[in-house]
Each structure stands twice: as C-alpha cells, then as structure tokens.
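Worksheet: the structure to be examined is printed underneath.
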Amino acid sequence: MARKSDEILMFSTAQRFVHWLHTAAFAVLMVTGVALYAPWFGNSVATGAGGHVVRLIHRFGAIAFMLVPICYLLFDPQGLFAAMKRIFTWGPDDLGWLRAAPAYYFLGDEEAMPPQDKYNTGQKLFYLVVVFCMVGFIVTGLIMWFAKGAVAPWVFQWSVFIHDLCTIAYAAFFLVHFMLSVMHPLMKGALNGMLFGWMPREYVKHHHAKYYEKLESES
Amino acid sequence: MTKAMLIDVSKCMACRACQVACKAWNDLPAEITVCAGCYDNPTDLSPDTWNRIAFWEVERDGGRVDWVFRPVRCMHCSDAPCVRVCPTGALFKDPMGFTAYDESKCNGCGYCVQFCPFDVPRLKEADLWGKGKTTKCTFCQDRVHEGLTPACAKACPTGAIKFGNRAELMAEGRARVEKLKGNGFTDANLYGANLLGGLGMTYVLTDKPEVFELPRNPTGGLAEAWQPWIQTLGGVAVGATALGLVITWLVARQNIKVEEAEGG
Numbered sequence: 007m008a009r010k011s012d013e014i015l016m017f018s019t020a021q022r023f024v025h026w027l028h029t030a031a032f033a034v035l036m037v038t039g040v041a042l043y044a045p046w047f048g049n050s051v052a053t054g055a056g057g058h059v060v061r062l063i064h065r066f067g068a069i070a071f072m073l074v075p076i077c078y079l080l081f082d083p084q085g086l087f088a089a090m091k092r093i094f095t096w097g098p099d100d101l102g103w104l105r106a107a108p109a110y111y112f113l114g115d116e117e118a119m120p121p122q123d124k125y126n127t128g129q130k131l132f133y134l135v136v137v138f139c140m141v142g143f144i145v146t147g148l149i150m151w152f153a154k155g156a157v158a159p160w161v162f163q164w165s166v167f168i169h170d171l172c173t174i175a176y177a178a179f180f181l182v183h184f185m186l187s188v189m190h191p192l193m194k195g196a197l198n199g200m201l202f203g204w205m206p207r208e209y210v211k212h213h214h215a216k217y218y219e220k221l222e223s224e225s
Numbered sequence: 124m125t126k127a128m129l130i131d132v133s134k135c136m137a138c139r140a141c142q143v144a145c146k147a148w149n150d151l152p153a154e155i156t157v158c159a160g161c162y163d164n165p166t167d168l169s170p171d172t173w174n175r176i177a178f179w180e181v182e183r184d185g186g187r188v189d190w191v192f193r194p195v196r197c198m199h200c201s202d203a204p205c206v207r208v209c210p211t212g213a214l215f216k217d218p219m220g221f222t223a224y225d226e227s228k229c230n231g232c233g234y235c236v237q238f239c240p241f242d243v244p245r246l247k248e249a250d251l252w253g254k255g256k257t258t259k260c261t262f263c264q265d266r267v268h269e270g271l272t273p274a275c276a277k278a279c280p281t282g283a284i285k286f287g288n289r290a291e292l293m294a295e296g297r298a299r300v301e302k303l304k305g306n307g308f309t310d311a312n313l314y315g316a317n318l319l320g321g322l323g324m325t326y327v328l329t330d331k332p333e334v335f336e337l338p339r340n341p342t343g344g345l346a347e348a349w350q351p352w353i354q355t356l357g358g359v360a361v362g363a364t365a366l367g368l369v370i371t372w373l374v375a376r377q378n379i380k381v382e383e384a385e386g387g
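Note that the protein sequences, when read in sequence, are chains A and B. All residue numbers for the first sequence refer to the working numbering, where the first residue is 7 and numbers rise by one. All residue numbers for the second sequence refer to the working numbering, where the first residue is 124 and numbers rise by one.
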C-alpha cells in the first residue's frame, strides 16, 4: 500500500479534491459573508452595487459549498461512509484525549495523550462541527436565498441567526485546523497527507498509533 | 429637536390626499390595481407605494358597523430593528429622530423587510441573484432637512396628519385622547408614545390598536439578539481561539528547542 516504505497513504484523490473544494468555497463564503455580518466591514465594502456583487459571489460560493458533500458521495462513497463512522464513534480514549489535551497544547506535556485512530478526538470534533454546521448552513442558506418572503419572517430571522452561529463555530474551528495543520511546528506531515495523500510513517505511528497498529496487523 | 408626526384617525376621512402627495413628491408612478372588494387601493404597500390608506369594517354589538381607516407607512421607530440589522448603514437614525434611508448604500439584502415589526419595507427589482433596493417612507427627509413639512402632512386637508416637535405632539395627542374618551370613544389611545423607544409616527386611535391592525407590543424579534450579542460573541470566540493558538504555537516551538538542546 505504501508508495515508499517510509510513507502511508491516508487520503484518496477524491478526498483531497473534496477537501480543497471545501477550502476554496469556505474562503470565498467567509470573506463575502463577514461583509454582510459585520457592519464595521460591510459599511466599507458591501454597500450599494458593490454590495450586490459581494452577495452574488456569496451565492456562487454557496453552489461550490453544496457540491462538497455531493462530490464526496459521488466520487468516494466508501471514504465518506468510513469517515462518518469514525467521527461518530467515541470511546474512552476520546475522553482521555480531551482531559490530556490542555496540558499537551498549552504546557507541552505529551505523557497522558492516549493513542489515536485515523482522526484524533480534536479532529473528530472539528469534523462533527463541519458536518452539523454544513447542514445548518445549507438549510438556512437555501431558505434565505429561495424562500425569502415565502416563509414567515420568524423563520427567516432564525435562519440568519443559525447561519451566524454556524459561521462563528466554523471560523473558530477553521483557525485551529489551519494552525495545527499548516503552522504548528510539531505537526509537519499532516499537511503532506492532504496535499499528496501520503504521510510519513513515523508521523502516523506517533500521532495516530491506533490506526497504525490496525494497518500493521492487516498487512 | 426630535421631530415626529401625529396622525389623528378621528380626523382622517380617507381622502388619500397623503397617498397622492407622497407619490407626487417622491416621484412614484401610479400602479395598475384591481378591485379587491373593499376600498383599499392599492391593497398593500409596494416599492411604488410608500403610504396608503387601509380600511376596516368593525361590527359592533347590535349589528352596527363602524368604518375605520388609517394611513399605513413606516413607523420610524427610535430603536428601529431595520437599522439594527442593516449591514451597510443604508438605513440609519437621523439626528432629527426619524429612520432615514440612503438608497445608494443599499445592497438589496432585504433584512429590513424581514425584521420590520410593522411589515413596511418592500424590495424593488429583487431577483434570485440578490439584486434589489429596499424602499420605504423616508419621512420626506429631503423636505424636512430644508425646513419643509413632509408632503403627506402638508397635503392633509383635515389636519389629521401633523408634523412637529415630538414632545409637543405627544402632549397634544394625550389631550386629544382625553377629549375623545369624553365623547364616548372609551378605548381611545395614543399609539406609539413609548413603543420601540418611541415611534416617530404616532397615532391618536379611536379604538384598540388591534382594530387598526397595529401590534400592541411590537419588538425587533431576533434583531434584539443579533446585534450586538451575536457580533460580540463572534469577535470573542474567534479572538480567544486565535490567542489560544498563539500560545500553543509558542509552547510547541519552545519544546522543540528544549528537545534539540537535550538531544544535542
């Protein structure tokens, strides 16, 4: 399964494509969305005809965003179902991870970190936020786009409200995700997995010990 | 000085002079309407109709029917939900107290339409790709700033629509309500003196607000929650996360240095 003996294939081409489609859509939606969300930003860029363009781009971003789950389902259904199964499976090691994580991330104490599967507890948490917020974004977004005026005002108002809450959760978790995958000095290797599909064997062994054990026992 | 209008429905005879004057001053075209089986014409506000007379037939005990009417337009709330949710500043509070509008800033999002407790703003040229401009009564902001009376108040032949200093108009309204009560209108009331921070469009009503389809306790709904709470929450949540990440990064870098030192 390994391209080189010192690397392990973690993500299929379809999974990587879906990930970066998601990233691109998120970037477009976040920038244009914040313009509508925060007056200190919107007052300068989202007014008048320019504001209409911002909202138009947000709609194109939304189409790309809605294609993310569709593409995943079409191109790699097995990968999607496996990922869903992983993020909804929680055990004692997850509680252990949550207890040990603050000491690890803020004090650098790695002792108590329990071994992790393909996704560690934090990654599962992020994935769950993404899944639930994606449903929230798409349902409330479609209401605001196509049902404005057709639904009662309180439905629209709650849609905006939920859309905002999803944005806050998404933005906060995105920062964590970006930091840990791209900038964190101890996590070099994770980015490689999403760019090319392969991660260093040593990295997987260290950060995803349970998954590594499974792969070893299978081969 | 805070300005306001006081509409005394006991003096209104539904002549629609205000409706016509509004169209004339704001350069709004007439609409082709159909008879809806009542006197309402048109039957709703629209991008071309910012002010209209609404009619109601109220059946009393003993089979008597009262015919009541009032002009329907923007209520110019002091604490206006539309201003709270407007992301561009196109809707804003004028120092004179009314809810002003700068159409060039509007990006057509339509939040004001959905958050208005009185169902007043209407989008024009709206399409599914987000185009549009909101429309509503502007309190004749272009006249008022020049020291003129709003067109509707200027045109009203019976003096039912009055424009002036808010405090004086409220005193006048309260006196008028007492007089109406003495004349047998036991449910007469002054509507809007304190609602939503005090409305800029207030009414002397001859009957309960429900009769005139006016909400007893209008609120901004979720607009109250939205700003500033949600925006503050967003800033705090994202800011705290960023701060935590900086600490994490520094800790990790420090650890690498320590390990390198130990290893070396």
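We put the CB at the ideal spot given by N, CA and C, even for glycine.
Asked: Exposed or buried, which one is arginine 105(A) when buried takes at least 16 other CB atoms within 10 Å?; Found: exposed
Asked: Run through chain B and tell me which residues come within less than 8 Å of methionine 185(A), C-beta to C-beta.; Found: Leu368, Thr371, Trp372
Asked: Taking the C-alpha atoms as reference points, what is the distance between isoleucine 155(B) and cysteine 275(B)?; Found: 22 Å
Asked: Where valine 157(A) and tryptophan 103(A) are concerned, what is the direct C-alpha to C-alpha distance, given to the nearest angstrom?; Found: 44 Å
Asked: Are leucine 322(B) and histidine 199(B) closer than 8 Å when you measure CB to CB?; Found: yes
Asked: I'd like the span of the alpha helix (DSSP H) that includes alanine 144(B), first residue to last.; Found: 140 to 149
Asked: If you reduce the DSSP assignment to three classes, tell me which class threonine 172(B) lands in.; Found: strand
Asked: Closest Cβ-Cβ distance between arginine 92(A) and chain B: below 8 Å?; Found: no
Asked: Rounded to a whole number of angstroms, what is the C-alpha to C-alpha distance between cysteine 69(B) and proline 165(B)?; Found: Past the boundaries of the shown model lies residue 69(B); chain B is included only from 124 to 387, so the question cannot be answered.
Asked: Can you list the alpha helix (DSSP H) stretches of 4 or more residues lying completely in the stretch 183 to 229 of chain B, in chain order?; Found: 204 to 208
Asked: Taking the straight line between their C-alpha atoms, what separation do you get for valine 327(B) and threonine 355(B)?; Found: 40 Å
Asked: Using the Cα positions of glycine 387(B) and proline 191(A), report the straight-line distance between them to the nearest angstrom.; Found: At glycine 387(B) the pLDDT is 47, less than 50, meaning the model places this residue with poor confidence; the figure from the coordinates comes in the next sentence. C-alpha separation (whole angstroms): 19 Å.
Asked: Which chain B residues are close to tryptophan 164(A), counting only those with a beta carbon under 8 Å from its beta carbon?; Found: Leu345
Asked: How big is the Cα-Cα spacing for aspartate 330(B) and proline 273(B)?; Found: 26 Å
Asked: Inspect the beta-carbon positions of valine 188(B) and alanine 177(B) and report whether they are closer than 8 Å.; Found: no
Asked: Would you check if the stretch 216 to 223 of chain B and the stretch 51 to 58 of chain A touch, i.e. whether three or more CB-CB distances between them fall below 8 Å?; Found: no
Asked: Just by C-beta distance, which residues in the stretch 323 to 354 of chain B are closer than 9 Å to chain A?; Found: Gly344, Leu345, Ala346, Ala348, Trp349, Gln350, Ile353, Gln354
Asked: Within the 8 Å Cβ cut-off, does leucine 201(A) reach chain B?; Found: no
Asked: Consult DSSP for lysine 211(A) and reduce its assignment to one of helix, strand or coil.; Found: helix
Asked: Does DSSP put aspartate 115(A) in a helix, in a strand, or in coil?; Found: coil
Asked: Indicate the three-state DSSP secondary structure (helix, strand or coil) for valine 243(B) in the structure shown.; Found: coil
Asked: Apart from the five residues just before and just after arginine 183(B), which ones in its own chain have a Cβ nearer than 7 Å to its Cβ?; Found: Asp189
Asked: Spatial neighbours of alanine 109(A) within its chain, please: C-beta separation below 6 Å, excluding the five flanking residues on both sides.; Found: Asp115
Asked: Near arginine 38(A), which residues of its chain fall below 6 Å by C-beta distance, leaving aside the five closest residues on each side in sequence?; Found: According to the sequence displayed, residue 38(A) carries threonine and not arginine. Hits under 6 Å: Val60, Ile63, His64.
Asked: Find the residues of chain B that neighbour leucine 221(A), judging by a C-beta separation of less than 9 Å, and give them in chain order.; Found: What leucine 221(A) touches in chain B: nothing, since even the nearest Cβ is about 26 Å away.
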